[in-house]
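Asks: Here the sequence shown stands for residues 4 to 428, where the numbers follow my numbering.
Ideal Cβ placement from N, Cα and C applies to all residues, glycine included.
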Amino acid sequence: MILGCEFEKLFPSFAVYTGDRSILKANNATIVPASDRGWVLFSGGREESRSLEVTGFPKGAVVGIPSSAVSLFSVTLPPTDASLHESMVFSQIEKRGLENRQGETVFDFQKVGTNEEGDVFSVTVVVHLPPELEIPGSTGYAPAAALRSHPKDGPAIWLEQGRVVLGVFSGGVPMHLEILSASAESGKAIATDVNLALMGLDGQPEFQQGMSDCLYVASPPVSVDVVADLKLALSIPVEIYEDGVDGQGDVRPRLEPASVSRAAKRKRAAKRNVALLVAGLILYAVVISWLWIESRATKSEIESLERRVSIVEPDVQHIQMIEERWKQLSPAFDKAKFPIVQLSRITSALPVSGVVVREYRTNGQTVRIRGQARDVQLANRLLEDLKGMDFFKSYEWSMPNPKVEQNNTATFEIEGKPRYASADS
4 MILGCEFEKL FPSFAVYTGD RSILKANNAT IVPASDRGWV LFSGGREESR
54 SLEVTGFPKG AVVGIPSSAV SLFSVTLPPT DASLHESMVF SQIEKRGLEN
104 RQGETVFDFQ KVGTNEEGDV FSVTVVVHLP PELEIPGSTG YAPAAALRSH
154 PKDGPAIWLE QGRVVLGVFS GGVPMHLEIL SASAESGKAI ATDVNLALMG
204 LDGQPEFQQG MSDCLYVASP PVSVDVVADL KLALSIPVEI YEDGVDGQGD
254 VRPRLEPASV SRAAKRKRAA KRNVALLVAG LILYAVVISW LWIESRATKS
304 EIESLERRVS IVEPDVQHIQ MIEERWKQLS PAFDKAKFPI VQLSRITSAL
354 PVSGVVVREY RTNGQTVRIR GQARDVQLAN RLLEDLKGMD FFKSYEWSMP
404 NPKVEQNNTA TFEIEGKPRY ASADS
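1. Per DSSP, which residues does Asn118 bridge with? Please list them.
2. If you draw a straight line from the C-alpha of Pro208 to the C-alpha of Asn118, how long is it?
3. How would you write the range of the beta strand (DSSP E) that Thr195 sits in, first residue to last?
4. Looking at the secondary structure, which residues open and close the alpha helix (DSSP H) in which Ile68 lies?
5. When burial is assigned at 16 or more other CB atoms within 10 Å of the CB, is Asp205 buried or exposed?
6. Expressed to the nearest angstrom, what Euclidean distance is found between the alpha-carbon atoms of Phe415 and Phe394?
7. For Phe172, which residues of its own chain have a beta-carbon under 7 Å away from its beta-carbon, when the five flanking residues on both sides are left out?
8. Answer with buried or exposed for Arg269, where buried requires no fewer than 16 other C-beta atoms within 10 angstroms of its C-beta.
9. Quick check on the burial criterion: 16 or more other C-beta atoms within 10 angstroms. Buried or exposed for Asp111?
10. May I ask which residues mark the beginning and end of the beta strand (DSSP E) holding Pro177?
11. Inspect the beta-carbon positions of Val65 and Thr108 and report whether they are closer than 8 Å.
12. Helix, strand or coil: how does DSSP classify Glu245 here?
13. Please classify Leu169: does DSSP put it in a helix, a strand, or coil?
14. Rounding to the nearest angstrom, what Cα-Cα distance links Val1 and Ala288 in this structure?
15. Buried or exposed: Gly419, going by 16 or more other Cβ atoms within 10 Å of its Cβ?
16. Taking the continuous alpha helix (DSSP H) assigned at Arg373, which residues delimit it?
17. Give the secondary structure of Val130 by DSSP, where H, G and I count as helix, E and B as strand, and everything else as coil.
18. Quick one: what does DSSP say Val319 is sitting in, helix, strand or coil?
19. Grab the span of the alpha helix (DSSP H) containing Ile343 for me, first residue to last.
20. Return the first residue and the last residue of the alpha helix (DSSP H) that Leu55 is part of.
21. For Ser307 and Leu294, I'd like the C-alpha separation in whole angstroms.
22. I need the DSSP call for Asp111, collapsed to helix, strand or coil.
23. Secondary structure at Lys390, three-state DSSP: helix, strand or coil?
24. Per DSSP, what kind of secondary structure is Ser313 in: helix, strand or coil?
25. Among Ser71, Gly247, Ala278 and Arg255, whose alpha-carbon lies nearest the alpha-carbon of Arg49?
26. For a quick check, are the C-beta atoms of Ala85 and His131 less than 8 Å apart?
27. Note down the Cα distance separating Val128 from Ser94, rounded to an integer number of angstroms.
28. Could you name the residues that DSSP lists as bridge partners for Arg151?
29. Could you tell me whether the segment 379-399 touches the segment 351-358, where touching means 3 or more Cβ pairs closer than 8 Å?
30. In angstroms, rounded to a whole number, what distance separates the CA positions of Phe341 and Arg348?
31. Helix, strand or coil, according to DSSP, for Glu362 in the structure here?
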């Protein structure tokens, strides 16, 4: 490999371009097409390994889409709202016949700058993505041209899988890509194709500003003899730069294949489900632990209460016995149950005339009154008066139908029982 001052000693008229692109996420792995066959894995800007099959590399790398699988062009759009850019760009894709008529068109665009006519965009359309590049677990996708250590501005040529690629860059962004038909070993044929391509771009407004007036050549892999032929055949200077990958570059999420996106979503969903499961198990363990601690505390409290109950239980039983005795003795202290008091109250309820009490009985609970009334109405009146007396409000009074005698008098029997008394008292 001849670079820098050594190359200048052999070809003094040539200048060497060393490049000044900033390295973005250079520690991540990047897969790009090899110059001859297969693929190259770069990590941290250094070549790590080569493989004829892209599946031979570990997962998690940025995948560079070959230039042969994309169509990249530039377009100027009139100034408008950013929300309309996508539809306007897609109209340009349809205008060029690059849309996918059998499925979704995978494309990406980014604003590069402005000119007198409007905003300049670089548009990338994935024409055909090789199936082997649909790698689940990849970090992202971008055109291989955007990932290489190309010059910041101007045209450049390099080799991809044995084919010569011409790219035109502005501000480090590829603005035009073209696979040349010339052989990689024929400098004159390459120069002819480059001249034709640059002449076609010369009148386009996207390539009028900030464009270098020399051709940059990736050497190696472009041979020194080919570089010499280019110098002789081209009317613009030729500079060389070191081919490779100086970092991850700008990953374009819109270029990610649908299968890879679905796999990534499934993976994220699986991780989320696992995280939720772990969180649920942790929460379950916390709840179980809390319940166990609470059950232990409750059990201890129950045992403590049982001990306290066992201590006071004899006193409670003694109090209950005293309560039963008091219930038995309470009638003796209730004046409403004194016979003489009851009789006095009953007598006060009698009408002035027409009712005679023949018999009064009480056993401390039930009161029975037998008597004779001038008629049934007076007997019923006595019953109602007894029910209405406050003194006997704790009693329930009843009377069977009075017996009417031959002289039309009525013999009656009134019975009063405490409201809480049992049916057999």
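Replies: Reading from the atomic positions:
1. Gly121
2. 7 Å
3. No beta strand (DSSP E) holds Thr195; the alpha helix (DSSP H) holding it covers Gly190 to Asp205.
4. No alpha helix (DSSP H) contains Ile68, which is instead part of the beta strand (DSSP E) from Val65 to Ile68.
5. exposed
6. 22 Å
7. His153, Pro154, Lys155, Asp156, Gly157, Ala159 and Met178
8. By the Cβ neighbour-count rule, Arg269 is exposed, with fewer than 16 other Cβ atoms within 10 Å of its own.
9. buried
10. Val176 to Ile182
11. no
12. coil
13. Assigned with DSSP and collapsed to three states, Leu169 falls in strand.
14. The structure shown has nothing for residue 1, since the chain only spans 4 to 428.
15. buried
16. Premise fails: Arg373 lies in the beta strand (DSSP E), Val370 to Ala376, not in any alpha helix (DSSP H).
17. coil
18. In this structure, Val319 counts as helix in the three-state DSSP scheme.
19. Pro342 to Ala352
20. Careful: Leu55 lies outside any alpha helix (DSSP H) and carries neither H nor E.
21. 19 Å
22. strand
23. helix
24. Ser313 sits in a helix when the DSSP states are folded into three classes.
25. Its Cα nearest to that of Arg49, the residue Gly247 stands out among Ser71, Gly247, Ala278 and Arg255.
26. no
27. 13 Å
28. Val248
29. In the pairwise beta carbon analysis, the segment 379-399 is classified as touching the segment 351-358: at least three pairs are separated by under 8 Å.
30. 11 Å
31. Strand, per DSSP.
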